[in-house]
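In my numbering, the protein residues as written are 641 to 761.
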């Protein structure tokens, strides 16, 4: 008995009439996979650089303000800035008591969040 020769994938090759269409679809799948891999690699390069830039910006901002760079702290920072904005709008609408109220809330929130300049981080 003659030994059957193994194919590249470890299986014995067959002479099926579907063999040509299977290799065509295998080739098509491989090409589609490579195209997807190339697109994902390109997007990863673009957005990886963007992510590093955002990370560096948030770290620099947090360091300058004397706060830890957490998402919760940045949410509080945005809320404090919105309170300041509300105070400025109250001043523009000539509502001094409203402006004092909004500025007081903003100072309480931002003062607790932001470290003082003389304090080491």
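Ideal Cβ placement from N, Cα and C applies to all residues, glycine included.
Within the region 666 to 749, no beta strand (DSSP E) run of at least 3 residues lies entirely inside it. Counting only the Cα atoms, residue 684 lies some 20 angstroms from residue 671. Remark: C-beta atoms of residue 745 and residue 717 do not approach each other more closely than 8 angstroms. At the C-beta level, residue 720 and residue 742 stay beyond 8 angstroms of one another. The beta carbon of residue 677 lies closer than 8 angstroms to none in the same chain, with the five residues before and after it left out.
For the pair residue 723 and residue 749, the CB atoms are nearer than the 8 angstroms cut-off. One alpha carbon belongs to residue 687, the other to residue 680, and they sit about 10 angstroms apart.
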